[in-house]
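Each residue of the sequence shown is one higher than the one before, starting from 2 at the first, in the working numbering.
Note that CB positions come from ideal geometry on N, CA and C, so glycine has one too.
As the structure is a prediction and not an experimental result, all values here were calculated from the model.
One structure is given here, and the rest of the page talks about it.
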Amino acid sequence: QLMGVSSRFNEAGNLRLRKLGNSMEFEQIKEYVSGDDHRKVNWKATARKTNLMVNMFTDEKSKHIYCLIDKGRNMKMPFEGMTLLDYAINAAVALSRTILSKKDNAGLVTFSNTPETFLAANHKSIQMQNMMEALYRQQTDYAESDFESLYTFCRKKIKTRSVLILFTNFESVSGFHRHLPYLRKLAKHHLLLVVFFENTEIKTLLDKPAGNLEEIYLKTIAEKFALEKRQIVKELQQWGILSLLTTPRQVSIQAINKYLELKTRQAL
2 QLMGVSSRFN
12 EAGNLRLRKL
22 GNSMEFEQIK
32 EYVSGDDHRK
42 VNWKATARKT
52 NLMVNMFTDE
62 KSKHIYCLID
72 KGRNMKMPFE
82 GMTLLDYAIN
92 AAVALSRTIL
102 SKKDNAGLVT
112 FSNTPETFLA
122 ANHKSIQMQN
132 MMEALYRQQT
142 DYAESDFESL
152 YTFCRKKIKT
162 RSVLILFTNF
172 ESVSGFHRHL
182 PYLRKLAKHH
192 LLLVVFFENT
202 EIKTLLDKPA
212 GNLEEIYLKT
222 IAEKFALEKR
232 QIVKELQQWG
242 ILSLLTTPRQ
252 VSIQAINKYL
262 ELKTRQAL
């Protein structure tokens, strides 16, 4: 059973947002009045009515933002009494709250060896409650994560170009390379941000001076693991995939800040 979602979330600052594009989305069908664009006449609706009917559109300002949460084996690592999965769930809750407050559409996907939870992105008043209930119910056996099935599932379920914020973890370049082909495929259809975790125990070991031969050996191994994390960031960048390497303690605020940064840069 996963630990309860924390009620203490970092507060995101209020930023002045610029207009994000000018694409249009369908709003409703209404009766034609003088001045309406005749190119938007809905002939099927008109045939069913006695009056001329037109399609109405509004500026599509709300973006679709999905939190993708990996519940697999690589998220089992503990830190200060919680697993990486616990931290990812807390971050997804805090981030989704911010997304909805900024009038974007928040959605959710969880997966391990198969896709599990799916909540389509929207900004209805009940969406946050739905997400909280879905995340409270999460259980996992920490099976090996299947990124191929995640890609297939997202292609089937997420039809609109969206922002996918993937909470996962990679401890080695070789493990990362097994999943990279499917990350690249996801990034072809969506804006993908990969959030993964620094190994804080390794960082502590690196900051501590080595006093004997054994400690020198351990520090050399730790440096190799730390270097591989940085190599993963570099390779993601080479493939045009955004990344966020963060400590578990900072993941909520860092993910929120990254979302707000992308929004103000009109990158969404």
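{"Item": "Span of the beta strand (DSSP E) around H65", "Value": "65-71"}
{"Item": "Candidates Q232, G241, Y143, K41: closest to K189 by CA position", "Value": "G241"}
{"Item": "Alpha-carbon spacing of T84 relative to Q140, whole angstroms", "Value": "13 Å"}
{"Item": "Beta-carbon spacing of L101, Q128 below 8 Å", "Value": "yes"}
{"Item": "T47 - DSSP class collapsed to helix/strand/coil", "Value": "helix"}
{"Item": "8 Å contact criterion, which L167 and L193 should meet: CB distance rounded", "Value": "7 Å"}
{"Item": "Unbroken alpha helix (DSSP H) run spanning L187, endpoints", "Value": "174-190"}
{"Item": "Beta-carbon proximity check, K103 vs K264, cutoff 8 Å", "Value": "yes"}
{"Item": "Residues that DSSP places opposite L120 in a beta bridge", "Value": "L109"}
{"Item": "Status (buried if at least 16 other CB within 10 Å, exposed otherwise) for L96", "Value": "buried"}
{"Item": "For Y260, three-class secondary structure by DSSP", "Value": "helix"}
{"Item": "Rounded C-alpha distance that separates R156 from L184", "Value": "12 Å"}
{"Item": "Start-to-end residues for the beta strand (DSSP E) that takes in T247", "Value": "243-247"}
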